[in-house]
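Position in the sequence shown counted from 1, then plus 552, gives you this note's numbering. Shown next, in structure tokens, is the structure this report addresses.
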Amino acid sequence: MKKYCVVMLVLVAMVNLGYSQMTPAKQIPPNVTQQIKIKAPVQVVYDYLRTFDNVNEYASDLVLTSKIVLRANNPQREVVFKNGNKRLEELAIIAPKANKLGVKVMNPDNRFSRYFYYFEIRPKGAHISKVTLKAYYGLNDNTLSKAVKKEVQNEFKIILEGLKNHFEN
Numbered sequence: 553m554k555k556y557c558v559v560m561l562v563l564v565a566m567v568n569l570g571y572s573q574m575t576p577a578k579q580i581p582p583n584v585t586q587q588i589k590i591k592a593p594v595q596v597v598y599d600y601l602r603t604f605d606n607v608n609e610y611a612s613d614l615v616l617t618s619k620i621v622l623r624a625n626n627p628q629r630e631v632v633f634k635n636g637n638k639r640l641e642e643l644a645i646i647a648p649k650a651n652k653l654g655v656k657v658m659n660p661d662n663r664f665s666r667y668f669y670y671f672e673i674r675p676k677g678a679h680i681s682k683v684t685l686k687a688y689y690g691l692n693d694n695t696l697s698k699a700v701k702k703e704v705q706n707e708f709k710i711i712l713e714g715l716k717n718h719f720e721n
């Protein structure tokens, strides 16, 4: 029995030693983050964004048309921008209870190796929401990261200000 207790004590000590040496996981920082306060309840903003085919309503300075091309668990929309570019985007509901909606760009232009952005809607008082928009992307070789970042920031600014105008005007 004494030998059993010693073995168990050694095993417990080894396990605890292993845990104490593990470093905590770190979240990958987004390439771009922007946020805005909107005078609307969180659930109303979340439901509006989840509709997914109305981006041309709140981002009309940027988007010419938007239509759903695939209705499924993760619907897809085709977005035609005012500059003529087209983009296929897929909705990913990341965390419904945390009001997070992700958008995966299925066919990013040739500057990007991948492109994903998401909305996070949080309460900021009675009937006020804080909408945060974060982008994660990878760039292909010979792409100027500062120029792309500025472009994404401008796109996010238009989207967030359009959302604010939609709910407050």
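Here a beta-carbon is modelled for each residue, glycine too, at the ideal position from N, C-alpha and C.
Under the three-state reduction of DSSP, which class applies to L696: helix, strand or coil?
Along the sequence shown, one-based indexing puts residue 696 at 144. Reduced to three states, the DSSP call for L696 is coil.
How should E707 be labelled, buried or exposed, when 16 other C-beta atoms within 10 angstroms of its C-beta is the threshold for buried?
Against the sequence shown, residue 707 aligns to sequence position 155. E707 should be labelled buried.
Looking at the structure shown, is G714 part of a helix, part of a strand, or coil, going by DSSP?
Reading the sequence shown from its first residue, position 162 is the one you call residue 714. Under the three-state reduction of DSSP output, G714 falls in the helix class.
Using DSSP's beta-bridge definition, name the partner residues of F633.
Translated into positions along the sequence shown, residue 633 becomes position 81. According to DSSP, which records beta bridges pairwise, F633 is partnered with V615.
May I have the straight-line CA-CA distance separating V621 from L640, to the nearest angstrom?
Mapped onto the sequence shown, residue 621 falls at position 69. Mapped onto the sequence shown, residue 640 falls at position 88. Distance between the alpha carbons of V621 and L640 is about 9 Å.
How is Q587 classed by DSSP in three states: helix, strand or coil?
Residue numbering aside, residue 587 sits at position 35 when the sequence shown is read from its first letter. DSSP places Q587 in strand when its eight states are reduced to three.
Within 10 angstroms of its Cβ, does E672 collect 16 or more other Cβ (buried), or is it exposed?
Looking up residue 672 in the sequence shown gives position 120. Flag for E672 reads buried.
Let me confirm a value: P660 is counted as buried when at least 16 other C-beta atoms fall within 10 Å, else exposed. Which label applies?
As a first step, residue 660 is located in the sequence shown; it is residue number 108 there, counting from the start. P660 comes out buried.
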